[in-house]
Structures are given as C-alpha cells and as structure tokens.
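Enquirer:
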Amino acid sequence: MHSSHQLQWHLARLWTLAIALTVAGCVTSTQKNTRIASTDLQQALRPVNGKTAYAGFDGQHNQFYLGNAFLERRILLSVDGTRLQTISILDKVTGRYSVAQASEEFRFQVANLTFSGTDSLLRYQRYDIVSGLEGSRKLIIWMSYDSVTTESEIDLSPTLNNLFPRPRSSNFNFRLQICYQTYPNQPRIDKWLVFENRSNTPLVLQGIVVESLPILYPYRFQLLTKRTGGHLEIYHSPDLSGQMIALTNQAPGILKFFDVDRQQDTVSVGLGSSTLNHSTKISVFLNQPVKIPTVSCTAGTFMLDQVLGQTVINQRYLKREDLKSYHVLDFELDNLSALTDELSGKAGRRRALFLPVATVGKEFLDRLDWQLSNPTDSTVPIYCLLSEYGFFMVKAVEDLMDRCPLDLLILAGPIFENRNSALLGCDKIEHGHPDRSESIFLTYKWLFNFSLYIRNQYPDVKLGVTAVTYGVDLPDYACWQYFDFFVP
Ligand SMILES: [Zn+2]
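In this text, residue positions in the sequence shown follow numbering that gives the first Met the number 0: the first is 0, and each later residue adds one.
1. What three-state label does DSSP hand residue 68 in the structure shown?
2. How would you write the range of the beta strand (DSSP E) that residue 122 sits in, first residue to last?
3. By Cβ distance, which residues of its chain are closer than 6 Å to residue 101, with the 5 residues on each side in sequence left out?
4. Across which residues does DSSP place residue 355 in a beta bridge pair?
5. Would you mind stating whether residue 410 and residue 468 have Cβ atoms separated by less than 9 Å?
6. I'd like to know whether the C-beta atoms of residue 193 and residue 176 end up nearer to each other than 9 Å.
7. Excluding five sequence neighbours on each side, which residues of the same chain lie with their C-beta closer than 8 Å to the C-beta of residue 260?
8. Taking all protein chains shown into account, do 16 or more other C-beta atoms lie within 10 angstroms of the C-beta of residue 249, making it buried, or fewer, making it exposed?
9. Using beta carbons (cut-off 9 Å, strictly below), is residue 309 in contact with chain B?
10. State the Cα-Cα distance for the pair residue 129 and residue 138, rounded to the nearest angstrom.
11. Quick one: grab the DSSP three-state call for residue 243.
12. Going by DSSP in three states, residue 430 sits in which element: helix, strand or coil?
13. Helix, strand or coil: how does DSSP classify residue 234 here?
14. Return the first residue and the last residue of the alpha helix (DSSP H) that residue 469 is part of.
15. Going by the beta-carbon positions, is the gap between residue 212 and residue 246 smaller than 9 Å?
16. Sorry if obvious, but does the Cβ on residue 425 come closer than 8 Å to a heavy atom of ligand 1?
17. Does the separation of the CB atoms of residue 187 and residue 54 fall below 9 Å?
18. I'd like to confirm something about residue 385: is its beta-carbon nearer than 8 Å to some heavy atom of ligand 1, or not?
19. Report the rounded CA-to-CA distance for residue 144 versus residue 174, giving the unit in angstroms.
20. Between which two residues does the alpha helix (DSSP H) carrying residue 479 extend?
21. Quick check on DSSP: helix, strand or coil for residue 28?
22. Specify the secondary structure class of residue 490 as computed by DSSP and reduced to three states.
23. Any idea if residue 427 is buried or exposed, counting beta-carbon neighbours within 10 angstroms, 16 or more meaning buried?
24. Mark residue 474 as exposed unless 16 or more other C-beta atoms lie within 10 angstroms of its C-beta, in which case mark it buried.
25. Consult DSSP for residue 436 and reduce its assignment to one of helix, strand or coil.
26. Do residue 205 and residue 98 have their beta-carbon atoms positioned less than 9 Å apart in this structure?
27. Assuming residue 86 is part of the beta strand (DSSP E), what are its boundary residues?
28. If I follow the unbroken beta strand (DSSP E) through residue 328, where does it start and stop?
29. From this set, 243, 133, 208 and 210, which residue's C-alpha is nearest residue 225's C-alpha?
30. Measuring alpha carbon to alpha carbon, tell me which residue in 252, 72, 484 and 132 is nearest residue 353.
31. Taking residue 104 as part of the alpha helix (DSSP H), name the residues at either end of that continuous run.
32. Determine the extent of the alpha helix (DSSP H) in which residue 394 is found, giving its start and end residues.
33. Per the DSSP calculation, residue 267 is bridged to which residue(s)?
34. Identify the continuous beta strand (DSSP E) that holds residue 196 and give its terminal residues.
35. Quick check on DSSP: helix, strand or coil for residue 442?
36. Is residue 430 a contact residue of ligand 1, with contact defined as CB to any heavy atom under 8 Å?
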C-alpha cells in the first residue's frame, strides 16, 4: 500500500499531531496570576462590595473561606493539619445553611489505601489564593502523602506483560491539590482535585469522589433529590420548589457518578461509570498532574447551564430538520476521494458532515489490531480512538477539510462497545492505554482534545456531537464546553 517515503511522511505527520494533541491536552495552566501573600491583606479586602468574590484563611479559627454575595463556604483544617472538612455552606440570600456539619470532603483509593478529608493520612502543606479572570478567586490547598514504611523496594518498571505496574507496598508519595473557585456574580462554588505523583512508579487512583457533603434539613428524613443531565438537585421543601442547592458534575457523559445516602443524609459526586461498578481508574505518572473534573455547587434555582444562557442552549440542540440549509453528507457512504468530489460539486451551500468517528476505519484502513477488544452489538467494527487509528482518523479529517472546507462537523457513531445496554471501554493495553475503565476517561479526553485541535486549526468550522457518540441522551456542561451543537 505505502511506499517507504509515504510511510515516513505519515509518521512525521503523526508526530506533529501527537505533539499538538499533547499540548492541547495539557491539564495545568502555567499562566501567571496575581498572588496575594498576606492573610491580613485578604481579611482587609474582604467584601469590598456585594459583588466581590473573595477567599482567604482565618488563622484564629483555622478555617479557609471563600464566597461572594450569594454563598460562603467554610473549610476547617484540623490543628494537626491532617483533616480538611467543609463545616458550612451558607446561602446568604435565604440565610440558610445547606451544610452545617463536618463533611468527608473528598475520597479516593491508591494502592488499597483510602484517602479522604477525615482519615488523617494526608498532611497539610500550604495554601494559595489566586485572582482569576473577571474577578474570580481561586483557593488552592496542598496536602501530601509521604510513605514512611521501610518495606523492601519492589521493582515497578513496566514489562511487556505488565505495562502499568502498581505499587504493592506503600512506598509512594503524592501531592493533592484541593481547589475551590468562586465568581463575583454567580451563586456558585466550583471544586476540583489535581493529583501530582511524586514517586517513580505510576499511581492508580480509584473510587474518586470530588465532593462528599452532609446535607442538613429541618426534617432529616426528607432528603429530596432529582437528577437531570449533569445535575443533582437537592430540595429543602417536599414540593420540589423553593430553595435548593444543585451539584453539577462536570465529568463527561457516562463518567458522571452521583450517590445519595439517605441513611446518613450525604451526597457524593465524582468519577465513575455505571457499567464498571462506579469505579474508574486513573493512572498518574511522575510529572504529569491529572485534573479530576469539577463539581459545581450552586444555590437557589441557578444552574450551571445558565452561565451559557437558556436560549443559547436551546439553539445548541440540533435536529435533522435544523440541517435543511446544509448540504448534509455521511462519511460512511463514501470513500474519502468520492466524498471530496461530491463536496466540491456543491458550492454555494453550507456543508455539514456526519463523521462516524470510531467506525470510519474500514473506509481507508482496515487494521484488526486497532479495533476495540470485544465483539459488540454494533454491526460495524469500532476502532479504539486511543490506538494509532486515532491519529490516522484525524489525518483523514484534515485532508478532507484542507481540500474542501466544511461548515459543520458532527461526530457521530458509537465510540464505546455496547453490550447488554452497558457501554464498555477497551482493554487492549497494547494500544498504549491502561485497562478498560480508564480507557473511557481517556477516550473522552481524546474527544475534547480533538475538539480543541479542530477549533484551533479550523476556527470557522462548527463542531457537533451526537448522543450516540457522547454516550448519554442529555448533553452536559463538559459537552457544552467543547461542542457547539448536540444532536439528540
Ligand atoms: Zn484501546
């Protein structure tokens, strides 16, 4: 098929693309922010006016605080620096506390150890207050885990049989950033975690819960909740009206995990998959910090979608009939050159392409080793976006768009295996990714990086995603951040 010259050219392109995707996918921002060093100064600057977002540390009570005109959250650090717990979330508009007892705050497992805000394994290191865009304030709290056991060192260098070895001893250490952010004009507090591996062995995180909060009500037996899309709404009154708080999980698609414990009146929100017993693994490598998707806490009837505006969101649902003004093409029906010929013959009309993003392989390449690992309900083979297939797919899209510009690119078709209505990832570790549960997290990341890459290369092209591709029937906040349209 390929001459060696062509192959070299392909490899060069792949390398460029790999770098571009890596850069686009970088999780930490290196942008320089104003740092306020003095606690006294923060105290003095606190509520300058009702719209101000603020954050700080109250040394007298050993409490961090952040808030604005609508909400204030207070987080207690134990005197010995081992426990970190939210002790109150005050809705300033109603004067009501949504949380008024100490939280578990977060939870995850590493090497069979469970870490949380209450288990005393982590040690507080320091905090930082950062001023963000448009008057937002970010509070970052660093905690770390340093193993002091002297168990014999186990060789954890990867082998062909075990590409992602896990530490069996507790000879590992890591740093955790617990980040909170508040904005001047929204009744909203965001929270996320960043893991930094400080040991030479990859660490595997499991059971990741970003928020674990006790919810206090006048009547404790009434924990009233409702789930819509990416939101968990929690109500104060039985008729589901009036004041509520909502927790929005910004984890994408099927990775959103909500748990309501009615016995203990607690809610936990994090990263999981309904098909994998709520456990999603994440490997963290040395010097490659991993950010866990944000959970936003909002009060009143404010939902995170309102940041985008409801009218905007309605316009972002795209049905087939909304595509009348487009010349619509399906990639599956054509090979690449035929499609290009067809496109160039349709000048004057806007062009939209449905691209079956993980099943187009047979059109230009047919490599069994790039397919997902197991037979599927689908009649067409699904290719793993994390394998080399992903790079060739991007190249094919680039070739097409360079020769014949599109106005709208809609990612379509399944990207995960569907068996017994459960969506499963890929467990072919020879694709260069860890096991099946982690491949789902990484595949979403791939989609988002693809979106960033296309937006950067082709700023005029609008991007859409179908419900089948995204894995859920309703779009969520993560989806809106990367795609212009959602096709139900
Ligand atoms: Zn794979």
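A virtual CB, placed ideally from N, CA and C, is assigned to each residue, including glycine.
Expert: Let's see:
1. On the sequence shown, position 69 is the one that residue 68 refers to. The answer is coil: DSSP assigns residue 68 none of H, G, I, E or B.
2. Locating residue 122 in the sequence shown gives position 123, where the first residue counts as 1. Its beta strand (DSSP E) spans residues 122 to 130.
3. Start at 1 with the first residue of the sequence shown, and residue 101 comes out as number 102. Spatial neighbours of residue 101 in its own chain (CB-CB distance under 6 Å, excluding positions within 5 residues in sequence) are listed in chain order as 84 and 86.
4. Position 356 of the sequence shown, counted from the start, is the residue given in the question as residue 355. DSSP lists 411 as the bridge partner or partners of residue 355.
5. Taking the sequence shown and counting its residues from 1, one reaches residue 410 at position 411. Taking the sequence shown and counting its residues from 1, one reaches residue 468 at position 469. In this structure, residue 410 sits near residue 468, with a CB-CB distance shorter than 9 Å.
6. As a working mapping, residue 193 is identified with position 194 in the sequence shown. As a working mapping, residue 176 is identified with position 177 in the sequence shown. Contact flag set, yes.
7. Within the sequence shown, numbered from 1, the residue matching residue 260 stands at position 261. Excluding sequence neighbours, residue 260 sits near 266 and 267.
8. As a first step, residue 249 must be located in the sequence shown, where it is residue number 250. Residue 249 should be labelled buried.
9. No chain B is part of this structure, which consists of one protein chain only.
10. For this step, residue 129 is matched to residue 130 along the sequence shown. For this step, residue 138 is matched to residue 139 along the sequence shown. The alpha-carbon atoms of residue 129 and residue 138 are separated by roughly 7 Å.
11. Within the sequence shown, residue 243 is the residue found at index 244, counting from 1. In the displayed model, residue 243 falls within a strand according to three-state DSSP.
12. Counting from one through the sequence shown, the residue named residue 430 turns up at place 431. In the displayed model, residue 430 falls within a helix according to three-state DSSP.
13. In the sequence shown, the residue the question calls residue 234 occupies position 235. The DSSP-derived three-state label of residue 234 is strand.
14. Taking the sequence shown and counting its residues from 1, the one referred to as residue 469 is at position 470. Per DSSP, residue 469 is one residue of the alpha helix (DSSP H) stretching across 466 to 469.
15. Taking the sequence shown and counting its residues from 1, the one referred to as residue 212 is at position 213. Taking the sequence shown and counting its residues from 1, the one referred to as residue 246 is at position 247. Going by C-beta atoms, residue 212 is nearer than 9 Å to residue 246.
16. For the purposes of this step, residue 425 is identified with residue 426 of the sequence shown, where counting begins at 1. Result yes, Cβ under 8 Å from ligand 1.
17. Stepping through the sequence shown from its first residue, residue 187 is reached at position 188. Stepping through the sequence shown from its first residue, residue 54 is reached at position 55. Note that the C-beta distance between residue 187 and residue 54 is not below 9 Å.
18. In the sequence shown, residue 385 corresponds to position 386, counting from 1. Yes, since a heavy atom of ligand 1 falls inside the 8 Å radius drawn around the Cβ of residue 385.
19. For the purposes of this step, residue 144 is identified with residue 145 of the sequence shown, where counting begins at 1. For the purposes of this step, residue 174 is identified with residue 175 of the sequence shown, where counting begins at 1. Going by the C-alpha atoms only, they are around 6 Å apart.
20. Translated into positions along the sequence shown, residue 479 becomes position 480. Start and end: 476 to 481.
21. In the sequence shown, residue 28 corresponds to position 29, counting from 1. Note on residue 28: pLDDT 36, under 50, position unreliable in the model; no value is reported.
22. Only positions 0 to 487 of the chain appear in the structure, and residue 490 is not among them; the question remains open.
23. Taking the sequence shown and counting its residues from 1, one reaches residue 427 at position 428. Counting the other Cβ atoms within 10 Å of the Cβ of residue 427 gives 16 or more, which makes it buried.
24. Within the sequence shown, the letter at position 475 stands for residue 474. When all chains shown are included, residue 474 counts as buried.
25. By 1-based counting over the sequence shown, the position of residue 436 is 437. Three-state DSSP puts residue 436 in a helix.
26. The count along the sequence shown starts at 1 and reaches residue 98 at position 99. The count along the sequence shown starts at 1 and reaches residue 205 at position 206. No, Cβ-Cβ distance for residue 98 and residue 205 is not below 9 Å.
27. Translated into the one-based positions of the sequence shown, residue 86 becomes position 87. Segment 83 to 90, the beta strand (DSSP E) holding residue 86.
28. One-based indexing of the sequence shown puts residue 328 at position 329. In the DSSP annotation of this structure, the continuous segment of the beta strand (DSSP E) that includes residue 328 starts and ends at 325 to 329.
29. In the sequence shown, counting from the first residue as 1, residue 225 sits at position 226. Nearest C-alpha to residue 225: 243.
30. Residue numbering aside, residue 353 sits at position 354 when the sequence shown is read from its first letter. The residue from 252, 72, 484 and 132 with its alpha-carbon nearest to that of residue 353 is 484.
31. As a first step, residue 104 must be located in the sequence shown, where it is residue number 105. Taken as a continuous stretch (DSSP letters only), residue 104 belongs to no alpha helix (DSSP H), being part of the beta strand (DSSP E) at 104 to 109.
32. Your numbering for residue 394 matches position 395 in the sequence shown. Counting along the chain, the unbroken alpha helix (DSSP H) around residue 394 starts and ends at 387 to 402.
33. On the sequence shown, residue 267 is found 268 positions in, with the first residue counted as 1. 211 and 258, per the DSSP bridge assignment.
34. By one-based count along the sequence shown, residue 196 stands at place 197. From DSSP, the beta strand (DSSP E) with residue 196 extends over 187 to 196.
35. Looking up residue 442 in the sequence shown gives position 443. DSSP, read as helix, strand or coil, puts residue 442 in helix.
36. Position 431 of the sequence shown, counted from the first residue, corresponds to residue 430. Under cutoff, so the answer is yes.
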